[in-house]
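Going by full-length UniProt numbering, the first residue of the sequence shown is number 1, and it counts up by one from there.
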Amino acid sequence: MEIQAAASALTNSTNPIQLQQIQQSYGLFAIITMICGIIGIIFQTWTIVTVWYIKRMHVASFILIANLAVADLLYSLSLLFFGILQFIYIKISLPILVMSVNCHISFFLIGTNYGTSIVTLTFISYDRYKRIITPLSNERSHNRRIKYYIILSWLLGTIVGVLISVTTIVDPYFPFTCDLSYKLGLVSVQVIYTMIIIIFYLLPIIVILIFYCQVISKLKNMTRPGVSTQEQRRAYKEMRKSAIRLIIGITVIFILATWPYWATTLGLIYTGANFMSLRASGKIFEGTIAGFSTVPIMLTAFINPIVYLIFNKSLRQDMIATCCRRQHQDAMHLSMSNLENSNFIHTNHISINITKAVNEKSFDKGYNYLTYNKQH
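Printed below as a string of structure tokens:
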């Protein structure tokens, strides 16, 4: 009732100056969204192509990282289209139905990306733990387990996406924004988000921390058979540090990027508020800050590949090699084309010379024959 009363008073309470401020802030938000989407598409595609084409990347951890990149790629595409439609609506009005569908699809993909990502990160930590604690496990069963990981991560991610989508609505007074929906009832929304935060945020973080503490402890004391020289020991030590930095870096950044969104959402649902009621009560600054709590989640779409490049030397070299390999293939194709053209021209030139020589020889023979007959 309080939200409905606040919404009905919103039209009268929002003066042109406040409306302009809101449009400017969300115009900036739309631009940031589009930039994040474009950069995310480039980086995630780069990661997927690298893992796909480089054979030594066909191991469990990198396959799961590629699965993470696929989820981020879909999310980056949704960010791009959401930002475009949001920016267009701010400049020229669109049908509210378009923006409503945009909100539901975008938040479905946000939820799917989040659920798939957190489950995949949990599986990565478990896989690293299993591979280090029991390194002689059956490779076939291990590969089968990876398939189950990927299927289960997308299944759970889709469930999170559906739950977040059904609790999202387009703001009827500012259709260029999306808002929390209490159509299912305040208690139902509180239960949904509380369960999501417990099952898909707190528990995975605890599990990941436990597994990685065990992994780090094991890696620090691990020795590899056949490593005898100082240079080999140094290289092996650097490889272990690189693996530790990568898995910790991805997890820490993901946790830091997602907690503002969940903290803001909990604050809203347990006070029975949403962005519309904050603006209606004149709390423009609070509403804007709450709206920008989703920005860190958007940043993970292109921060994760940068983390891969910084913290893992092997993946960094392979990602760079993928670009160089493509350029090398183009250069080789161009050089082969030039070589074929050169051979064709050279062959034609030889053919012309041979034909010319044959004709000249035939002409000489004919001329000599006529001259001989004339003389005799």
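Yeah, the Cβ is synthetic: ideal placement off N, Cα and C, and Gly gets one too.
Check whether the region 142-149 and the region 94-105 are in contact - that is, three or more C-beta pairs closer than 8 Å. no
Report the residue from Gln44, Arg131, Leu97 and Phe62 whose alpha carbon sits nearest the alpha carbon of Ile216. Arg131
Quick check on His58: does DSSP put it in helix, strand or coil? coil
Secondary structure at Ile92, three-state DSSP: helix, strand or coil? coil
Leaving out five residues on either side along the sequence, give the residues of the same chain with a beta carbon under 6 Å from the beta carbon of Thr355. In this prediction, Thr355 scores a pLDDT of 43, lower than 50, which makes its location untrustworthy; the coordinate-derived value is nonetheless stated afterwards. Around Thr355: no qualifying Cβ.
Which of helix, strand or coil does DSSP assign to Leu180? strand
What distance in whole Å lies between the Cβ atoms of Leu80 and Ile38, which are believed to be in contact at a cut-off of 8 Å? 6 Å
Buried versus exposed call for Ile345 [16 or more other C-beta atoms within 10 Å across all chains shown]: With a pLDDT of 36 at Ile345, under the threshold of 50, the modelled position of this residue cannot be trusted, and the question is left open.
Out of Gly115, Ser100 and Ser93, state which residue places its alpha-carbon closest to the alpha-carbon of Leu180. Ser100
Which of the three DSSP states, helix, strand or coil, is assigned to Thr168? strand
If you measure between the beta carbons of Ile255 and Val307, is that distance less than 8 Å? no
Where does Pro175 land, buried or exposed, given buried means 16+ other C-beta within 10 angstroms? buried
For Thr271, name the three-state secondary structure that DSSP assigns. coil
Over the uninterrupted alpha helix (DSSP H) stretch that includes Tyr193, give me the two end residues. Leu186 to Ile197
For Pro175, which of helix, strand or coil comes out of DSSP? coil
With a Cβ-Cβ cutoff of 8 Å, do Asn113 and Asp171 count as a contact? no
Please report the distance separating the alpha-carbon of Gln23 from that of Ile84. 14 Å
How big is the Cα-Cα spacing for Phe43 and Phe62? 15 Å
Please work out which residues of its chain come closer than 6 Å, Cβ to Cβ, to Ala66, disregarding the five sequence neighbours upstream and downstream, and give them in chain order. Ile48 and Val51
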